[in-house]
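These notes are about the structure you will find just below.
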Amino acid sequence: MITQPAAAGKAELNTLVTAGLSTRAIVALAQLVAFVSYQVRVVAALKALQALEQTA
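Start counting the sequence shown at 327; every next residue gets the next number (my numbering).
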């Protein structure tokens with residue numbers, strides 16, 4: 327789910343339900359994964375900008 331969130335399907339959701347997660351917890355987990363993924367992209371972009379400034 328973390329490395330390929332779009333590939334998560336019914337089987338993965340059933341695994342989470344079997345593990346004891348509620349629908350609300352699964353939604354919260356999906357939102358957390360999306361937010362962390364966004365943060366990683368922002369940090370990568372900021373590092374790229376910083377490297378670009380240092381070479382200029």
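Glycine included, each C-beta is placed from N, C-alpha and C at the ideal position. All figures in this text were calculated on a predicted structure; none of them were measured in a lab.
C-alpha of Gln-357 to C-alpha of Leu-375: approximately 27 Å in a straight line. The region 328-348 and the region 357-366 touch, with no fewer than 3 CB-CB distances between them shorter than 8 Å.
In the three-state scheme derived from DSSP, where H, G and I count as helix and E and B as strand, Ser-348 is classed as coil.
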